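Visitor: When the sequence shown is numbered by this note's numbering, its final residue is 1752 and no position is left out of the sequence of numbers. Heads up, the beta-carbon is just placed ideally off N, CA and C, and yes, glycines get one too. Being a predicted model, the structure only gives us computed values, none of them experimental.
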Amino acid sequence: MSVPAAASEQARLDELAQYDILDTPGEESFDRITRLVRRTLKVPMATVTFLDGHRQWFKSREGLSDCEGDRRSALCDVTIRRGEPLIVPDTRADPRFTDNPLVTGAPHLRFYAGIPLRGEGGHNIGTLCAMDTAPRAFDGEDVAILADLAAIVMDELRLRLLVSTDVLTGALSRRAFRNEAGKAIALALRHRHETSCIAFDLDHFKTVNDTQGHAGGDTVLTGTVAACRDLLRQSDLIGRLGGEEFAILLPHTGLQAALSVAQKLRESIAAQRFEGVGGPFAVTASFGIAALSTAASDLEAVLQQADEALYAAKTAGRNRCIAAHAGAASNSPFGRRVLKAGSIVFNGGRSVIDCTVKRLSDEGASLAVIDSAGVPGRFKLAIEADNFSRFVHVVRKAGPEIDVQFA
């Protein structure tokens, strides 16, 4: 990638970051669009796709099981680079895609139609796609239908920026929670009053969806937030950060008091009973608690400490509350939130793995990859848009996440 191309890609990622859409839970407004694509155009697969530094991630998908994939093999990557609709009637007859792993292997794409999703700044942040396992024709009317639906996707994205509450649960949206919590923390720092953060998620929630259906899962999520609201003050903030992941900000509250609040919330959630397919059932949740301190003096840092404590609660057996040590530094050199395309370079430059840099500081970075299993303990991290290249060593691996410190 040339320097101008890297700068353009960074501008694209900056625009993508403004929508705060990556890794958010499913939303009916987007699912409705992929269903319409599938039914109207009579294709077995449809996706609303966004591309960060290393992957294509599906905000909504019909006919596909995976929620993300490697960007290098993504036909959607070709679409956003072209900046215009990409129609491939038969992938095996197109020399660009005959050897593509998505063509030669699952999901065995033979037909692809993609419309770029263009943001207000003019950058293509993703695609709306229609796909088939058999070749097919796609005329101008079909392209127009897909383009109209792509415009609706962008309308929904713009609407999300204006919506402050999660439609399902009534909790603050992830974006709204970060905005409001950031303001509350700035106020706490200015006036030097205590503030704490609780991160929690529901235990084995996938099992709930699998056994009770998504409607049953939605009932659990709604009931969970309602149970929490009954115990929280009006000044407290509760936000839905992911599918079953929530965060609470408690102004004027120290660590021990926040731990007491978390225990009450945990007990209230566990005491609920929901009507299920096989009779009443209950759920539990795990909690991590952290307080604003000199070691965690902004929202990202205190959230990270709470997340690490939540991870410890999960590891210890779930359905429990664990508080971060007062004043403890984060185990991860998170730094400030960013969204940058990066490269993991090793074997003397012969091996390269694409990554997305999620957080960056003077000491280290947090990266996301498709699979961290093949990443060595020491490598060179390159961020071409910043003309940046430094050796790092890995301090933590967790699934697709890698935390590194600079050598």
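Verify whether the separation of the beta carbon atoms of ALA1635 and GLN1650 is less than 9 Å.
Guide: Taking 9 Å as the Cβ cut-off, ALA1635 and GLN1650 qualify as a contacting pair.
Visitor: Taking the beta strand (DSSP E) that GLU1407 falls in, what are its first and last residues?
Guide: Per DSSP, GLU1407 belongs to the beta strand (DSSP E) from 1400-1407.
Visitor: For the alpha helix (DSSP H) that VAL1393 lies in, which residues bound it at each end?
Guide: Per DSSP, VAL1393 belongs to no alpha helix (DSSP H); it is in the beta strand (DSSP E), 1390-1396.
Visitor: From SER1605 to GLU1612, what does the alpha carbon distance come to, in whole angstroms?
Guide: Taking the straight line joining both Cα atoms gives about 11 Å.
Visitor: With a CB to CB cut of under 7 Å and the five nearest residues on each side skipped, what residues in its chain are close to SER1631?
Guide: Counting only Cβ-Cβ distances below 7 Å, and skipping sequence neighbours, we find PHE1545, ASP1546, ASP1548, LEU1655, ALA1658, LYS1659, ARG1663, ASN1664 and ARG1665.
Visitor: Leaving aside the five residues before and after GLN1355 along the sequence, list all residues of the same chain whose C-beta is less than 6 Å from its C-beta, in chain order.
Guide: So the qualifying residues of the chain are ALA1730.
Visitor: Just to confirm my understanding: we take GLY1562, look at its own chain, exclude 5 residues before and 5 after, and list those with CB closer than 6 Å. What are they?
Guide: Hits under 6 Å: VAL1553 and ASN1554.
Visitor: Quick check on PHE1736: buried or exposed, where buried means 16 or more other Cβ atoms within 10 Å of its Cβ?
Guide: With fewer than 16 Cβ atoms within 10 Å of its Cβ, PHE1736 is classed as exposed.
Visitor: Give me whichever residues DSSP pairs with THR1472 in a beta bridge.
Guide: Looking at the DSSP assignment, THR1472 forms a beta bridge with THR1394 and PRO1461.
Visitor: Can the beta-carbon of ASP1477 be found closer than 9 Å to that of ILE1715?
Guide: Contact flag unset, no.
Visitor: Using the C-alpha atoms, what's the distance from ARG1704 back to LEU1576?
Guide: Looking at the two C-alpha atoms, the distance is approximately 33 Å.
Visitor: Assign PRO1678 to one of two classes, buried (16 or more other C-beta atoms within 10 Å of its C-beta) or exposed (fewer than that).
Guide: Any reading at PRO1678 is ruled out, since the residue's pLDDT is 48, under 50, leaving its predicted position unreliable.
Visitor: From GLU1589 to ALA1743, what distance separates their C-alpha atoms?
Guide: So the two alpha carbons sit approximately 19 Å from each other.
Visitor: Can you list, in chain order, the residues of its chain with a C-beta nearer than 7 Å to that of LEU1759? Leave out the 5 residues immediately preceding and following it.
Guide: Given that the chain is displayed from residue 1346 to residue 1752, the structure contains no residue 1759 and the question cannot be resolved.
Visitor: Leaving aside the five residues before and after LEU1358 along the sequence, list all residues of the same chain whose C-beta is less than 6 Å from its C-beta, in chain order.
Guide: Answer for LEU1358: LEU1684, listed in chain order.
Visitor: Between which residues of its own chain and LEU1586 is the CB-CB distance below 6 Å, once the five residues before and five after are set aside?
Guide: Closer than 6 Å at Cβ, skipping near neighbours: ARG1519 and ALA1592.
Visitor: Can you tell me which of SER1711, PHE1375 and SER1706 puts its alpha carbon nearest to the alpha carbon of SER1688?
Guide: Out of SER1711, PHE1375 and SER1706, SER1711 has the C-alpha closest to the C-alpha of SER1688.
Visitor: For VAL1775, which of VAL1570, LEU1454 and HIS1538 has the nearest alpha-carbon?
Guide: Shown here, the chain extends from 1346 to 1752; a query on residue 1775 therefore has no answer.
Visitor: Suppose the cutoff is 6 Å on Cβ atoms and the five residues either side in sequence are ignored; what does the same chain contact list for SER1405 look like?
Guide: Same-chain partners within the cutoff: PHE1375, ASP1376, THR1379 and VAL1393.
Visitor: Can you tell me the Cβ-Cβ gap for VAL1690 and PHE1724, rounded? I've got them flagged as a contact below 8 Å.
Guide: Contact flag correct, Cβ pair sits at about 6 Å.
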